[in-house]
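Trainee: Can you keep this structure in mind? I'll have questions shortly.
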Amino acid sequence: MIIAGVDIGNASTETALGSLEGNGVRFLASGIVDTTGIKGTLQNIHGVFASIKQAADKTGIPVEDIGFVSLNEATPVIGDVAMETITETIITESTLIGHNPHTPGGEGIGSGITIPIREIPGTGVGRDYITIIDGSVDYEEAAAVINDAVKRGVGIKGAIVQRDDAVLIVNRLARPIPVVDEVKFIEKVPAGMPAVVEVARAGGVVEMLSNPYGIATVFGLDPEETKFIVPIARALIGNRSAVVIKTPAGDVTERIIPAGKLQIIGETKTIGVDIEAGSEAIMKAVLEAAPVADVKGEAGTNVGGMLERVRQTLSNLTDRLPGDIKIQDLLAVDTFNPQKVSGGVAEEFSMENAVGLAAMVKSDRLQMDMIARELTEQMKINVGVGGIEADMAIQGALTTPGVTSPLAVIDMGAGSTDASIIKKNGGVKSIHLAGAGNMVTLLIQTELGLDSWEIAEDIKRYPLARVESLFHIRHEDGTVEFFKEALPPSTFARTILIKDRAFVPIPISASIEKIRTVRKEAKEKVFVTNSLRALTMVTETGNIREIDFVVLVGGSALDFEVPQLVTDALSRYGIVAGRGNVRGIEGPRNAVATGLVLNYRREHA
Ligand code: ADP
Ligand code: MG
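If you want the numbering used here, it's the 1-based position in the sequence shown plus 775.
Below is the structure:
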């Protein structure tokens, strides 16, 4: 008889097709398709059917020959993610900060008093100036005025330009100066104020103006004033060029937005925590309140709105009233959210502090039975709910060569991280936690300011490189690879993703180092945190050192760095951990589906 084990996940629906032979199972093929609809709803049926069909087609066996389809008894966990910014940078008056035009000109640091270019011909010698060049002055004229002035002995130390003309101007100067261009609202730049322009060499970042003490040095600030310019320095980190102007009334402040309070309602106690307190405090509260029965946000605050949205989404998806949606776990991570600076003059962005939240609810088991009944009718095959997801994951993971019980499995999917442990006596304990692959993608998307989820997903999955010439690329680890044939010109001087063998340029100006750091930290914040949380919860004593072996399964265990990050973190507790290889051939995929087939064999021996 042929059995299909089918695992309906948040992201993928996986099938294992096995033939019962003697006392064992001979596995025939696997299938994987995207889950249709939300896990645990009737829409899943299309995906289940496609996944089974895919596996059956590989073997040439007609679907009708399948004797039984075994579904996971999922306590379907549905995750949702949200993000809230908790700081805001505001510029009053006209202090210009942190501007990253595509092509600034010159190099180095210049400081002086701001002066419109039209006033330069009448100025005397003896002072240093930063000239303001509005859009009515073209680059030829601007360069000529600066060259004349410098010849007369006037110190022109830098320029702020409205048009995209920096390189054109600098190329015409007898003595190059740092020039920042594309300053859209140049009329807001005040004249007669002390200013500093800094432009780093190509590929570099500003160093003086991104350092509070650097700014203090060039403007001669006292310690009290230095405290106030910290947000400016922070906003400039990572920029190639910058201008800071000291206006008497001008001020840059960082405002904390009252993001509101979270109420973590535990089965025995309720703990309140401010979102501004950051992820560490929130996670501490979640741990203290565990087991969590629900989470609420203060009404009328940002976090209140955010949790309501989560509840609303989940309610739409599950056909339950928002009030019946109980959030059973929460993962909070600290992150940054690039936001347009209010009052900026060149559409500057500043990296504001934000908190990302992943929430999870458990939905009804009954729904799985409903899916099974519906499938039986449509497919004319017996379909049943075969076993608890966590049990099945363990059975599947145990087919990894070199693995034996007792052991813990961490299933890293899209919406949730699930862990289970099989004890010496065969008992299994499992837990579902909020936050997995989708949360990593969201963090990458927000921190890099990407419009597209798909690009963020690709950045998560594929390593980076820079096309340095048409015949060589530099990989993110610094190694250089040469090619005999010229690379496509469209990739030249671009940051690319190495997607299998294809080179895909990405539309981001951030440096490779920056992208890589964001990517890695996002994975760490979600998967290292959740692995430690999960293992702590499945052990009886909360001491994860009692675990010897951990097998990582699920789509996110395919990641090219997640398993290493988790292995590394767990090795500090003396735990051997690694990516699973289900049935010796499936890698970390198909664990639950495989477990379902094996379990059917055991129950019908
Ligand atoms: P579920 O059990 O929730 O259906 P899966 O086990 O299919 O989830 O895992 C889906 C997650 O795995 C998604 O977040 C997806 O981005 C991630 N994923 C899939 N393939 C890769 C890969 N090659 N590298 C990194 N992440 C991956
Ligand atoms: Mg899964």
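Ideal Cβ placement from N, Cα and C applies to all residues, glycine included. These numbers were taken from a predicted model, which means no experiment stands behind them.
Could you tell me the boundaries of the alpha helix (DSSP H) in which residue 1374 lies?
Mentor: Numbered from its first residue, the sequence shown carries residue 1374 at position 599. 1366–1378 is the extent of the alpha helix (DSSP H) around residue 1374.
Trainee: Are the beta-carbon atoms of residue 993 and residue 1186 separated by less than 7 Å?
Mentor: Mapped onto the sequence shown, residue 993 falls at position 218. Mapped onto the sequence shown, residue 1186 falls at position 411. No, the pair does not count as a contact, with Cβ atoms beyond the cut-off.
Trainee: Determine the extent of the beta strand (DSSP E) in which residue 1430 is found, giving its start and end residues.
Mentor: The structure shown has nothing for residue 1430, since the chain only spans 776 to 1380.
Trainee: What does DSSP give as the partner residues of residue 1038 in its beta bridges?
Mentor: Residue mapping note: residue 1038 aligns to position 263 of the sequence shown, counting from 1. Bridge partners of residue 1038: 1047 and 1071.
Trainee: How big is the Cα-Cα spacing for residue 1380 and residue 798?
Mentor: The residue you call residue 1380 lines up with position 605 of the sequence shown. The residue you call residue 798 lines up with position 23 of the sequence shown. For residue 1380 and residue 798, the distance between alpha carbons rounds to 7 Å.
Trainee: Compute the Euclidean distance between the alpha carbons of residue 1307 and residue 1254, then round it to the nearest angstrom.
Mentor: Within the sequence shown, residue 1307 is the residue found at index 532, counting from 1. Within the sequence shown, residue 1254 is the residue found at index 479, counting from 1. One C-alpha to the other measures close to 33 Å.
Trainee: Let me check you understand the geometry: is the CB of residue 1227 closer than 6 Å to at least one non-hydrogen atom of the ligand ADP?
Mentor: Position 452 of the sequence shown, counting from 1, holds the residue named residue 1227. No, Cβ of residue 1227 sits at least 6 Å from all heavy atoms of the ligand ADP.
Trainee: Going by CA-CA distance only, name the one from 1051, 1097 and 883 that's closest to residue 982.
Mentor: The sequence position of residue 982 within the sequence shown is 207, counting from 1. Residue 883 is the option with its Cα nearest to residue 982.
Trainee: Beta carbon of residue 1188: closer than 6 Å to some heavy atom of the ligand MG?
Mentor: Numbered from 1 along the sequence shown, position 413 holds the residue referred to as residue 1188. Checking the Cβ of residue 1188 against the ligand MG gives yes.
Trainee: Per DSSP, residue 801 is paired with what?
Mentor: Locating residue 801 in the sequence shown gives position 26, counting from the first residue. Answer by DSSP bridge pairing, in chain order: 794.
Trainee: In angstroms with no decimal places, state the Cα-to-Cα distance between residue 1068 and residue 1103.
Mentor: Taking the first residue of the sequence shown as position 1, residue 1068 is located at position 293. Taking the first residue of the sequence shown as position 1, residue 1103 is located at position 328. One C-alpha to the other measures close to 6 Å.
Trainee: For the putative contact between residue 1039 and residue 1070, defined by C-beta atoms under 8 Å, what is the C-beta separation to the nearest angstrom?
Mentor: For the purposes of this step, residue 1039 is taken as the residue at position 264 of the sequence shown. For the purposes of this step, residue 1070 is taken as the residue at position 295 of the sequence shown. Residue 1039 to residue 1070, Cβ: 6 Å. Contact.
Trainee: Is the stretch 1172–1179 close to the stretch 1315–1322, with three or more CB pairs under 8 Å?
Mentor: No, because fewer than three Cβ pairs between the stretch 1172–1179 and the stretch 1315–1322 fall closer than 8 Å, the two stretches do not touch.
Trainee: So, using beta-carbon positions, are residue 1161 and residue 845 closer together than 7 Å?
Mentor: Here residue 1161 is taken as the residue at index 386 of the sequence shown, counted from 1. Here residue 845 is taken as the residue at index 70 of the sequence shown, counted from 1. Contact: yes.
Trainee: Assess, as a yes-or-no matter, whether the stretch 1358–1370 is touched by the stretch 799–815 under the definition of 3 or more beta carbon pairs within less than 8 Å.
Mentor: Yes, they touch.
Trainee: Please list, in chain order, all residues of the same chain as residue 821 whose beta carbon is under 7 Å from its beta carbon, the five residues on each side excluded.
Mentor: Reading the sequence shown from its first residue, position 46 is the one you call residue 821. 811.
Trainee: What are the residues that DSSP puts in a beta bridge with residue 1183?
Mentor: In the sequence shown, residue 1183 corresponds to position 408, counting from 1. Answer by DSSP bridge pairing, in chain order: 1196 and 1325.
Trainee: For the stretch 887–895 against the stretch 952–968, do three or more pairs of beta-carbon atoms, one drawn from each stretch, fall closer than 8 Å, so that the two count as touching?
Mentor: Because the criterion of three Cβ pairs below 8 Å is met, the stretch 887–895 and the stretch 952–968 touch.
Trainee: Do residue 1077 and residue 1129 have their C-beta atoms closer together than 7 Å?
Mentor: In the sequence shown, counting from the first residue as 1, residue 1077 sits at position 302. In the sequence shown, counting from the first residue as 1, residue 1129 sits at position 354. Their beta carbons are not under 7 Å apart, which means residue 1077 does not touch residue 1129 by this criterion.
Trainee: Within 6 Å: the Cβ of residue 1329 and any heavy atom of the ligand MG?
Mentor: Within the sequence shown, the letter at position 554 stands for residue 1329. Within the cutoff, so yes.
Trainee: Let's test the definition: count the other Cβ atoms within 10 Å of the Cβ of residue 1193 and tell me whether it reaches 16, buried, or not, exposed.
Mentor: In the sequence shown, counting from the first residue as 1, residue 1193 sits at position 418. Counting Cβ neighbours within 10 Å, residue 1193 comes out buried, since at least 16 surround it.
Trainee: Going by DSSP, name the residue or residues bridged to residue 1209.
Mentor: For the purposes of this step, residue 1209 is taken as residue 434 along the sequence shown, with counting starting at 1. Paired residue(s): 1191.
Trainee: Which word fits residue 1391, buried or exposed, when buried means at least 16 other C-beta atoms lie within 10 angstroms of its C-beta?
Mentor: Here the chain comprises residues numbered 776 to 1380, so residue 1391 is not present and cannot be evaluated.
Trainee: Opposite residue 1354 in the DSSP bridges: which residues?
Mentor: Start at 1 with the first residue of the sequence shown, and residue 1354 comes out as number 579. Answer is 1327.
Trainee: Can you tell me which of the three DSSP states residue 877 falls into?
Mentor: Here the question's residue 877 lines up with position 102 in the sequence shown. Residue state, collapsed to three classes: coil.
Trainee: Under the criterion of a Cβ to heavy atom distance below 6 Å, does residue 791 qualify as lining the ligand ADP?
Mentor: The count along the sequence shown starts at 1 and reaches residue 791 at position 16. No, since every heavy atom of the ligand ADP falls outside the 6 Å radius drawn around the Cβ of residue 791.
Trainee: Report buried or exposed for residue 877, applying the criterion of at least 16 other Cβ atoms within 10 angstroms of its Cβ.
Mentor: Residue numbering aside, residue 877 sits at position 102 when the sequence shown is read from its first letter. Classification for residue 877: exposed.
Trainee: In the DSSP output, what is residue 821 paired with across the bridge?
Mentor: For the purposes of this step, residue 821 is taken as residue 46 along the sequence shown, with counting starting at 1. None, per the DSSP bridge assignment.
Trainee: Could you give the residue range of the alpha helix (DSSP H) that holds residue 966?
Mentor: Here the question's residue 966 lines up with position 191 in the sequence shown. Premise fails: residue 966 is in no alpha helix (DSSP H) and is neither H nor E.
Trainee: Roughly how many angstroms lie between the CA atoms of residue 791 and residue 1166, to the nearest whole one?
Mentor: Taking the first residue of the sequence shown as 1, we reach residue 791 at position 16. Taking the first residue of the sequence shown as 1, we reach residue 1166 at position 391. Near 16 Å, if we compare the C-alpha coordinates of residue 1166 and residue 791.
Trainee: Could you tell me whether the Cβ atoms of residue 910 and residue 938 are closer together than 7 Å?
Mentor: If you number the sequence shown from 1, residue 910 lands on position 135. If you number the sequence shown from 1, residue 938 lands on position 163. It is a contact, given that the beta carbons lie within the stated cut-off.
Trainee: Taking 6 Å as the cut-off, is the beta-carbon of residue 978 closer than that to any non-hydrogen atom of the ligand MG?
Mentor: Locating residue 978 in the sequence shown gives position 203, counting from the first residue. Every heavy atom of the ligand MG is 6 Å or more from the Cβ of residue 978, so no.
Trainee: Quick one: any contact between the stretch 1237–1246 and the stretch 1201–1214, if contact means 3 or more CB pairs under 8 Å?
Mentor: Touching, no, given that fewer than three Cβ pairs across the two stretches are closer than 8 Å.
Trainee: Measuring alpha carbon to alpha carbon, tell me which residue in 1288, 1375 and 1326 is nearest residue 978.
Mentor: Within the sequence shown, residue 978 is the residue found at index 203, counting from 1. Comparing Cα-Cα distances from residue 978 to each of 1288, 1375 and 1326, the minimum goes to 1288.
Trainee: Would residue 1156 and residue 819 qualify as a contact pair, given that the criterion is a beta-carbon distance under 7 Å?
Mentor: Counted from its first residue, the sequence shown places residue 1156 at position 381. Counted from its first residue, the sequence shown places residue 819 at position 44. No, the pair does not count as a contact, with Cβ atoms beyond the cut-off.
Trainee: In three-state terms, what does DSSP make of residue 1113?
Mentor: Against the sequence shown, residue 1113 aligns to sequence position 338. Three-state result, residue 1113: strand.
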